[in-house]
Each structure stands twice: as C-alpha cells, then as structure tokens.
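In what follows, a single structure is set out as structure tokens and then discussed.
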Amino acid sequence: MRNSSSAALQRFKLIRIGALGLALAFGVVAAAEQTATLPLSLSVVTAQAHELMGKSSAKVPGLAVAVAMDGKIVWSEAFGYADLETKKPVTTTTRFRIGSVSKPLTAAGLVLLVQRGQLDLDAPVQKYVPDFPVKPEGVITTRLAAGHLAGIRHYRGSETHLNRPFASVHDGLEIFENDPLLSPPGGKFSYSTYSWSLVSAVMESAAHREFLDYMESEVFKPLRMDHTRPDRAGVVDPDRTRFYKKQEDGKFVEAEPINSSYKWAGGGFLSTAEDLVRFGSALLQPGYLNAPSLKLLFTSQKTADGKSTGNGIGWFVRHDAEGQPFYYHTGGQQGATSMIFIAPQERLVVALVCNLTAADILGEGKEIADLFEELPHP
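Quick note: the sequence shown uses the numbering used here, first residue 4, plus one each step.
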C-alpha cells in the first residue's frame with residue numbers, strides 16, 4: 004500500500020474544516036470477529052490503537068470505534084461508561100446517537116429508490132409532497148435537497164432542543180416549510196438537516212411506506228445493522244447509552260432531553276460503530292447498490308454556476324494530497340459525537356461514536372487512520 008501518513012493528515016484536516024464544527028470521537032472491548040488469527044502486523048496496529056484510545060478515554064464518558072478492511076471488521080473496541088451513575092460499561096453493542104451520520108444512512112435508502120425506478124431525483128418535490136409550498140425563488144428537487152443546494156435553512160434558535168413529538172415526517176416539515184429560502188435552489192451550498200426532513204417525506208411517498216419502516220426493512224436489515232434504530236424518546240432501551248455534556252468545571256452531566264421525531268432522516272438514528280462500518284463496507288463496491296447508485300452518492304454536486312460543493316448525496320467528498328478520494332460524515336447533537344470515514348482505495352472504513360456533546364479528540368482519529376492505512380490488505 005502507498006505511504007499515506009501525510010495524505011491521511013490532510014484528510015482529517017479537511018474533515019475538521021468540512022464537518023461544520025462537529026467534533027469527532029473515538030472509542031475502545033474486543034470484538035468477537037477476526038481476533039483469533041490476527042496477522043502480526045495487524046496485532047501490532049491494534050495494540051497501538053488500543054493504547055492510544057486508552058489514554059484518550061478520560062476525555063469522555065464512553066466511546067466505541069470499529070475499523071473494517073475489505074469488508075471485514077479487523078478491530079472493534081469500547082471504552083468507558085454508558086451510564087456514569089451505575090458504572091455500566093460501554094460494549095460493542097451499546098447504541099449511541101449518531102446525529103448527522105444519519106444522513107448517509109438515509110442517502111442509501113434514497114438512491115435505492117432511484118435505482119428501482121421509484122423516485123425521480125430531478126422532479127419537483129411537489130410530485131411526492133404536493134402540499135409542500137412552491138417557492139418563488141425557484142424549483143426544489145430531491146437532488147438539490149439531498150445535496151444541501153435547495154436553499155432550505157438549518158436549525159434556528161432553540162430548535163436543536165425540541166422535545167415534543169411529531170406524529171410523522173410530514174408533520175415535521177411545519178417547522179420550516181413556510182420560511183423563505185436562503186438562496187435560489189442550486190445557487191449556493193447551505194448545510195441543512197431540514198433538507199433531509201423533506202427528503203424523508205419524498206421517500207415515504209415514493210416508497211408508499213412510512214419512512215422508518217422503509218429504512219428498517221430496506222437498509223438496516225439487508226446490511227445486518229442489527230443494532231441501528233430510531234432514537235425514540237421515552238422508550239426503554241437497555242442497550243442505549245445515557246447522553247452527557249461537559250460543564251465548564253469539566254464535570255460530566257446528563258444532556259438535556261430531546262425528541263428527534265422531527266428529524267429522523269438527518270439526525271435521528273441510534274447505532275453502533277460496528278453497524279456503521281458494516282454499512283460503509285457495503286458501499287465499497289456494487290452489490291447492495293449498483294455502480295450508478297454509488298456514483299450518485301460519491302460524486303460532488305455543483306452549484307448552478309458550476310462550482311463543486313464537495314458534497315454528493317449524504318456524503319462529504321474530498322481528495323487527499325495524492326488525489327485519492329475519501330468520503331465521510333460527522334455527527335453532533337445532545338450527548339453525541341460521531342463519524343464515519345471511507346477510504347475506497349484502501350477499502351478501509353472507520354466509525355466512531357461517543358456519548359458526549361462536542362467531544363474533541365480529532366487528533367487521535369488521525370492517528371488511528373494512519374495506523375490502519377499503513378497495513379497491507381488482509
């Protein structure tokens with residue numbers, strides 16, 4: 004494999020710039036998969052990674068990390084606590100909020116509908132959501148909404164703290180649907196979780212099924228994402244971590260409660276690091292999705308005047324110093340920091356989840372990626 008240390012460093016610098024201020028987090032509990040016959044080189048790397056994460060775990064209540072190469076999980080560990088009060092440890096099946104890493108998951112379901120001929124990305128969204136207001140600024144299509152090019156605004160004021168239920172994804176549109184656009188559709192990249200709320204309403208109509216039911220049966224189940232599900236407020240889930248924030252004095256306290264029913268598609272799922280690397284590994288080559296669908300996900304869209312946005316459908320798209328592509332998304336919300344990273348040339352997928360708001364251990368992430376990128380393919 005090519006020497007990738009400088010390239011990986013540049014990648015993570017770009018991620019820091021492109022992640023819209025969301026912190027990254029990492030974690031470490033040995034997975035049952037792949038541990039019995041590790042080659043020496045991989046054993047050395049995992050030992051180094053374990054030591055690194057062990058030193059870093061004091062920064063957060065709990066965290067988990069998984070790494071897959073060529074579609075196989077080669078390292079998966081967890082550190083710290085899912086519940087600080089009871090000292091319940093994090094395990095590899097502990098569910099974390101993943102925030103905006105929900106968008107790549109939804110994107111897979113979206114392009115699957117396109118692949119099946121059930122959804123036209125370039126039709127006005129009113130074809131699928133007839134009562135969504137027509138905007139005087141221009142026509143909104145699903146492609147534009149999925150690429151943050153629709154001009155739809157992001158959170159405003161205290162909206163990230165919403166803690167009331169919405170009966171359907173359609174009901175969640177009421178928060179923003181009557182607001183003016185930030186720019187004409189196609190004119191400017193404007194990151195928006197609400198764009199993905201609109202995408203989910205489009206998907207629900209095209210699939211003739213409720214959005215969450217569609218995601219479970221068509222994305223999570225086929226990809227063996229057995230621990231991924233919506234973050235339902237008030238539901239007892241013994242495998243779900245508690246969610247924390249850090250006070251000015253450095254003490255961890257529980258984050259304020261929220262209800263994510265208005266933003267399932269863009270920031271409402273729970274998952275594990277292992278589920279996320281299984282998901283990313285399924286996108287390394289045609290199979291679950293065909294080649295045109297993968298191209299849709301990982302090709303940067305452009306503004307109307309031809310400028311690349313660095314965002315495909317649900318993924319940030321970048322190139323390292325050697326011109327090799329990589330794809331990623333980060334997530335951050337109350338009691339959560341997350342990331343998924345794909346280096347397709349190395350067939351490497353890294354996922355990280357943490358139960359702390361705005362956890363900041365990005366440097367460790369760069370080192371983890373460096374370590375595994377230096378390995379030969381299994």
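Cβ coordinates follow ideal geometry from the N, Cα and C atoms, glycine included.
Since the model is a prediction, treat every value here as computed from it, not as a measurement.
Which residues share a DSSP beta bridge with LYS249? As a position in the sequence shown, residue 249 is number 246, starting the count at 1. Per DSSP, the beta-bridge partners of LYS249 are PHE255.
Can you round the beta-carbon distance between ILE316 and VAL114 to whole angstroms, since I take them to be within the 8 Å contact cut? Here residue 316 is taken as the residue at index 313 of the sequence shown, counted from 1. Here residue 114 is taken as the residue at index 111 of the sequence shown, counted from 1. Right, the Cβ-Cβ distance comes to about 6 Å (below 8 Å), so this counts as a contact.
Classify GLN288 as buried or exposed, calling it buried when 16 or more other Cβ atoms lie within 10 Å of its own Cβ. Counting from 1 along the sequence shown, the entry for residue 288 is found at position 285. By the beta-carbon neighbour count (other beta carbons within 10 angstroms, threshold 16), GLN288 is exposed.
With DSSP as the reference, please indicate the residues paired to TRP78 in a beta bridge. Residue mapping note: residue 78 aligns to position 75 of the sequence shown, counting from 1. Paired residues: VAL70.
Got a sec, what are the start and stop residues for the alpha helix (DSSP H) PRO107 sits in? As a position in the sequence shown, residue 107 is number 104, starting the count at 1. Where PRO107 is concerned, the enclosing alpha helix (DSSP H) stretches over 105 to 118.
N- and C-terminal bounds of the beta strand (DSSP E) containing TYR331: Start at 1 with the first residue of the sequence shown, and residue 331 comes out as number 328. Run containing TYR331: 328 to 336, per the beta strand (DSSP E) assignment.
Buried or exposed for ASN181, please, with buried defined as at least 16 other CB atoms from any protein chain shown within 10 angstroms of its CB. Here residue 181 is taken as the residue at index 178 of the sequence shown, counted from 1. With fewer than 16 other Cβ atoms within 10 Å, it is exposed.
How many Å lie between ASP373 and GLU177 at the Cα? Reading the sequence shown from its first residue, position 370 is the one you call residue 373. Reading the sequence shown from its first residue, position 174 is the one you call residue 177. Roughly 44 Å between the two C-alpha positions.
In the DSSP assignment, find the alpha helix (DSSP H) that holds MET218 and state where it starts and stops. Your numbering for residue 218 matches position 215 in the sequence shown. That run of the alpha helix (DSSP H) goes 214 to 218.
Cα-Cα separation, ASP382 to GLU140: Outside the shown range of the chain (4 to 381) lies residue 382, about which nothing can therefore be said.
Among all the DSSP beta bridges, which residues are the ones paired with ARG100? Position 97 of the sequence shown holds residue 100. DSSP output for ARG100 lists LEU273 as bridge partner(s).
Measure the C-alpha to C-alpha separation of VAL32 and ASP278 and round it to an integer number of angstroms. The residue labelled residue 32 in the question sits at position 29 within the sequence shown. The residue labelled residue 278 in the question sits at position 275 within the sequence shown. With a pLDDT of 34 at VAL32, under the threshold of 50, the modelled position of this residue cannot be trusted, and the question is left open.
Would you mind sorting GLN250 into buried or exposed? The rule is 16 or more other CB atoms within 10 Å of its CB. Residue numbering aside, residue 250 sits at position 247 when the sequence shown is read from its first letter. With fewer than 16 Cβ atoms within 10 Å of its Cβ, GLN250 is classed as exposed.
Can you check whether the CB of MET72 is closer than 8 Å to the CB of PHE3? Residue 3 lies beyond the residue range present for the chain, which begins at 4 and ends at 381; the question has no answer from this structure.
From what residue to what residue does the beta strand (DSSP E) around SER200 run? Here residue 200 is taken as the residue at index 197 of the sequence shown, counted from 1. DSSP places SER200 outside any beta strand (DSSP E); the residue lies instead in the alpha helix (DSSP H), whose first and last residues are 196 to 210.
Suppose you measure from the CA of TYR217 to the CA of SER171; what does that come to, to the nearest Å? Within the sequence shown, residue 217 is the residue found at index 214, counting from 1. Within the sequence shown, residue 171 is the residue found at index 168, counting from 1. Approximately 14 Å between the Cα atoms of the pair.
Whole-angstrom Cβ separation of GLY150 and ASN293, contact assumed at under 8 Å? As a position in the sequence shown, residue 150 is number 147, starting the count at 1. As a position in the sequence shown, residue 293 is number 290, starting the count at 1. In this structure GLY150 does not touch ASN293 by the C-beta definition: roughly 20 Å separates them, more than the 8 Å allowed.
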